[in-house]
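K.L.:
If you read the sequence shown in this note's numbering, its first letter stands for residue 4, the second for the next number, and so on. Beta carbons: idealized from backbone N, C-alpha and C, even for Gly. It should be emphasised that the depicted structure is a prediction, and the values quoted were computed from it without experimental measurement.
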Amino acid sequence: MSILLGAIADDFTGATDLANNLVKQGMQTTQLIGVPDADTPVPDADAVIIALKSRTIPAAEAVTQSLAALAWLQSHGTQQFFFKYCSTFDSTAKGNIGPVADALLDALGSDFTVACPAFPTNARTVFKGHLFVGDVLLNQSGLQNHPLTPMTDANLVSVLSSQTPHKVGLVAEETVIQGPAAIRQAFDDLAQSGHRHAIVDAINDDDLMQIGVALADVKLITGGSGIAIGLPENFRKQGTLQEGTAPQWPNVKGSAAVLAGSCSIRTREQVAAWKTHSPALEIDPFAISKGDDVVGNALSWAADRITDGPVLIYSSADPADVTRVQEELGREDAGSMVEDTLGRIAQGLVEQGVRKMVVAGGETSGAVVSALEVKALRIGPEIDPGVPWTTAVGDKELALALKSGNFGDVDFFKRALDLLP
Ligand code: ADP
Numbered sequence: 004m005s006i007l008l009g010a011i012a013d014d015f016t017g018a019t020d021l022a023n024n025l026v027k028q029g030m031q032t033t034q035l036i037g038v039p040d041a042d043t044p045v046p047d048a049d050a051v052i053i054a055l056k057s058r059t060i061p062a063a064e065a066v067t068q069s070l071a072a073l074a075w076l077q078s079h080g081t082q083q084f085f086f087k088y089c090s091t092f093d094s095t096a097k098g099n100i101g102p103v104a105d106a107l108l109d110a111l112g113s114d115f116t117v118a119c120p121a122f123p124t125n126a127r128t129v130f131k132g133h134l135f136v137g138d139v140l141l142n143q144s145g146l147q148n149h150p151l152t153p154m155t156d157a158n159l160v161s162v163l164s165s166q167t168p169h170k171v172g173l174v175a176e177e178t179v180i181q182g183p184a185a186i187r188q189a190f191d192d193l194a195q196s197g198h199r200h201a202i203v204d205a206i207n208d209d210d211l212m213q214i215g216v217a218l219a220d221v222k223l224i225t226g227g228s229g230i231a232i233g234l235p236e237n238f239r240k241q242g243t244l245q246e247g248t249a250p251q252w253p254n255v256k257g258s259a260a261v262l263a264g265s266c267s268i269r270t271r272e273q274v275a276a277w278k279t280h281s282p283a284l285e286i287d288p289f290a291i292s293k294g295d296d297v298v299g300n301a302l303s304w305a306a307d308r309i310t311d312g313p314v315l316i317y318s319s320a321d322p323a324d325v326t327r328v329q330e331e332l333g334r335e336d337a338g339s340m341v342e343d344t345l346g347r348i349a350q351g352l353v354e355q356g357v358r359k360m361v362v363a364g365g366e367t368s369g370a371v372v373s374a375l376e377v378k379a380l381r382i383g384p385e386i387d388p389g390v391p392w393t394t395a396v397g398d399k400e401l402a403l404a405l406k407s408g409n410f411g412d413v414d415f416f417k418r419a420l421d422l423l424p
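What follows is the structure, given as structure tokens:
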């Protein structure tokens, strides 16, 4: 069986978010973790998403990993390719969106792609090339304070232009509302005039569906998970996508825990909400850097409570505290130290019998999943927009909900766990 849509995602929660949208549109989807090797079994799925952790690594490494993932997808007859990044276009000053998109285009022998992070369901819209989060511009949304990828410019044409030597154009809303033929014409015009990338406006799901139709013959698509909602229909029209069974809630036995390493506004609200009804333990980055046994202490704290109900362990802190930590420990070192700690806590929790785990934070989820050596996730039903429950495929039956920092309702942690049988 060949793969209809093969995606490369720059972080774990982003991959899950994309998978979730494809599942909702009728594609059976499996997420693979890390670059698969030659003997990784090809999942029995319409769409395969390879989740990397390449958002904030050096651009050259992100390119190497993305090309390896692409080669695996190509070797399994993948029809169309997708490079997935965050709906808030999270990137560093050096990339990695531009460099990876360029490298994938080169490898595919293509000379044009689109960049559309819009995800209106989650209040991410693009208008006149500017990215809005809710009613405010990206650079006023709190994302300007992100620990690793501060976004200080909402104009995506200029953000992407700074990451690629090639020309970046815009397909504006007034063209998008004219439908697929007009959009396709705009792609052709931009490609003809030497543009290699096109930011595409989208302010609602109807726009995304129209853009999806226009993308039927585009070999590589880049964007957030929203732009994927219009793609399954193309395969259905071609007759290559068959109807499958509806996804199920994971059914695992064991205790439950929440790990939060995101410092985003929404995660901090979710942490505060959890603390009103259930036990929570804060991880202090300075204690980790001093060499305290943070992991051991957290695990014995959890062991005393976990049999009575789910616990939360979090490092989430407000921007002032994050700045203080970063000034003293360095931005990247602080990030990886906290990620490593939460990963080791996750391992210990599973040893204590935890089988249901909610994780908040893209990078944090990546760290947890690799610490747990999870290689593939079968995507289940959606909890909140962009976040499904998933089942780890392999020897350990584990239910995982991997949430990007700003996603989910305020009571997400509890509600997600309550949904499981
Ligand atoms: P989001 O999905 O909100 O972007 P991520 O997990 O991707 O969340 O990124 C948050 C980053 O901040 C991670 O690298 C994490 O280790 C780091 N971090 C978490 N807590 C703190 C803290 N208290 N101080 C500094 N950095 C932190």
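Look up V416 in the DSSP assignment and say whether it is helix, strand or coil.
P.N.:
A quick correction: the sequence has Phe, not Val, at residue 416. In the structure shown, F416 sits in a helix (DSSP, three-state: H, G or I).
K.L.:
State the DSSP-derived secondary structure class of Q436, mapped to helix, strand or coil.
P.N.:
Outside the shown range of the chain (4 to 424) lies residue 436, about which nothing can therefore be said.
K.L.:
Once the 5 residues before and after G408 are set aside, which same chain residues still bring their CB inside 6 Å of it?
P.N.:
S265, S267, T270, G364
K.L.:
Give the single residue among H169, P183, A194, T128 whose Cα lies nearest to the Cα of L140.
P.N.:
Closest option to L140, Cα to Cα, is T128.
K.L.:
Under the three-state reduction of DSSP, which class applies to R239: helix, strand or coil?
P.N.:
helix
K.L.:
Can you list, in chain order, the residues of its chain whose CB lies under 6 Å from that of V396, leaving out five sequence neighbours each side?
P.N.:
A379, R381
K.L.:
Alpha carbon to alpha carbon, how far is L146 from L302? Give it in angstroms, no decimals.
P.N.:
32 Å
K.L.:
Does any heavy atom of the ligand ADP sit closer than 8 Å to the C-beta of A320?
P.N.:
yes
K.L.:
Quick one: residues in its chain with C-beta nearer than 6 Å to the C-beta of G227, no 5 flanking neighbours on either side, listed in chain order?
P.N.:
S90, P120, F122
K.L.:
What is the residue span of the alpha helix (DSSP H) that R269 lies within?
P.N.:
268-278
K.L.:
Can you tell me which of the three DSSP states N24 falls into?
P.N.:
helix
K.L.:
For V45, collect the residues of the same chain with a Cβ closer than 8 Å to its Cβ; drop the 5 residues on either side in sequence, then sort them by chain order.
P.N.:
M4, I6, V51, H79
K.L.:
Could you tell me the distance, in whole angstroms, from the CA atom of D49 to the CA atom of F190?
P.N.:
27 Å
K.L.:
Could you check what DSSP says for K87 in three-state terms: helix, strand or coil?
P.N.:
strand
K.L.:
CA-CA distance, D287 and K240?
P.N.:
53 Å
K.L.:
Identify the continuous beta strand (DSSP E) that holds Q34 and give its terminal residues.
P.N.:
Where Q34 is concerned, the enclosing beta strand (DSSP E) stretches over 32-36.
K.L.:
In terms of alpha-carbon separation, which member of A18, P313, F289, L284 lies closest to W304?
P.N.:
L284
K.L.:
Three or more beta-carbon pairs under 8 Å between the segment 20-27 and the segment 63-78, yes or no?
P.N.:
no
K.L.:
Short of 6 Å in beta carbon distance, which residues of its chain neighbour I202, apart from the five on each side in sequence? Order them along the chain.
P.N.:
Cβ within range, chain order: A118, G132, L159, V160, L173.
K.L.:
Flag this pair as yes or no: are the beta carbons of G17 and A65 separated by less than 9 Å?
P.N.:
No, these two residues do not count as a Cβ contact at 9 Å.
K.L.:
Can you check DSSP and say which residues form a bridge with G229?
P.N.:
Paired residues: none, contrary to the question.
K.L.:
Whole-angstrom Cβ separation of N254 and P424, contact assumed at under 8 Å?
P.N.:
5 Å
K.L.:
Which runs of the beta strand (DSSP E) spanning at least 3 residues fall entirely within the segment 177-203, listed in chain order?
P.N.:
198-203
K.L.:
My parser needs the beta strand (DSSP E) runs of 3 or more residues fully inside the segment 80-141; what are they?
P.N.:
83-87, 116-119, 127-130, 133-136
K.L.:
Taking the Cβ atom as the reference point for each residue, do T394 and L405 lie within a distance shorter than 9 Å?
P.N.:
no
K.L.:
Return the Cβ separation of K359 and A259 in integer angstroms, given the expectation that the two are a contact with Cβ distance under 8 Å.
P.N.:
The beta-carbon separation of K359 and A259, rounded to 4 Å, stays under the 8 Å limit for a contact.
K.L.:
What residues match up with S258 in a beta bridge as DSSP calls it?
P.N.:
V357
K.L.:
Could you tell me which residues DSSP puts in a beta bridge with V66?
P.N.:
V66 pairs with nothing; no bridge assigned.
K.L.:
As a quick exercise: from W252, P150, G356, N300, pick the residue whose alpha carbon is nearest that of G338.
P.N.:
P150
K.L.:
Using a Cβ-Cβ cut-off of 6 Å (strictly less than) and excluding sequence neighbours within five positions of L2, which residues of its own chain qualify?
P.N.:
No answer is possible for residue 2: the residues shown for the chain start at 4 and end at 424.
K.L.:
Determine the extent of the alpha helix (DSSP H) in which E366 is found, giving its start and end residues.
P.N.:
365-374
K.L.:
Using 8 Å as the cut-off, classify the Cβ of N125 as near or not near the heavy atoms of the ligand ADP, replying yes or no.
P.N.:
no
K.L.:
What residue does the alpha helix (DSSP H) around E330 start on, and which one ends it?
P.N.:
322-332
K.L.:
Per DSSP, V396 forms a beta bridge with which residues?
P.N.:
A379
K.L.:
What residues in its chain sit with their C-beta under 6 Å from that of S164, if we drop five residues either side in the sequence?
P.N.:
Excluding positions up to five away in sequence, the list reads V171.
K.L.:
Is the beta carbon of H149 within less than 8 Å of some heavy atom of the ligand ADP?
P.N.:
yes
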